[in-house]
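Read the structure below first, then the notes.
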Amino acid sequence: MTEKTYQETIFSKIIRKEIPADIVYQDELVTAFRDISPQAKTHILIIPNKFIPTVNHVTAEDEQTLGRLFTAAAKIAQAEGIAENGYRLIVNCNQHGGQEVFHIHMHLVGGEPLGAMLEKK
Numbered sequence: 001m002t003e004k005t006y007q008e009t010i011f012s013k014i015i016r017k018e019i020p021a022d023i024v025y026q027d028e029l030v031t032a033f034r035d036i037s038p039q040a041k042t043h044i045l046i047i048p049n050k051f052i053p054t055v056n057h058v059t060a061e062d063e064q065t066l067g068r069l070f071t072a073a074a075k076i077a078q079a080e081g082i083a084e085n086g087y088r089l090i091v092n093c094n095q096h097g098g099q100e101v102f103h104i105h106m107h108l109v110g111g112e113p114l115g116a117m118l119e120k121k
């Protein structure tokens, strides 16, 4: 089986501010912006500034960046006023995991009760 080839996505252009987005947080490692098709009252995408296509492409050198996704999520949740009641962090990987944009990203969703994580079959 051959390795799939990945190219930069729209997220890279958002990081570089080549296209507009409602950026709520950005530092040297990560960028966070509001999802244009929110699935909850608060829906923010947090992405590494480094292009990493999927979780399967993460290496040991990415550990600091991935840790920053979580510390940024906590800061953003606090700033959005959803930290106390709670929120969900979601990372999808590949087709069966529901990944649509192949630049690893974390969904921060909240601001309302979210219900069950997965529907029971």
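Counting with UniProt numbering, you get residues 1 to 121 for the letters of the sequence shown.
Even glycine gets a Cβ: it sits at the ideal position worked out from N, Cα and C.
Check	Outcome
Simplified DSSP state of Phe70, which is helix, strand or coil	helix
Beta-carbon gap between Ile47 and His105 smaller than 9 Å	yes
Runs of beta strand (DSSP E) lying entirely within the UniProt domain "HIT" (10 to 119), each at least 3 residues, in chain order	23 to 26, 30 to 34, 42 to 48, 87 to 90 and 106 to 110
Close-in-space but distant-in-sequence residues of the same chain around Lys41 (CB under 8 Å, 5 per side omitted)	Gly110, Gly111 and Glu112
Rounded C-alpha distance that separates Gly67 from Val101	21 Å
Beta-carbon proximity check, Arg34 vs Ile19, cutoff 9 Å	no
Residue nearest to Thr31 in terms of C-alpha spacing, selected from Phe51, Pro38 and Ser37	Phe51
Beta-carbon contacts of Glu8 that lie in its chain and below 7 Å, excluding the five residues immediately before and after	Phe51
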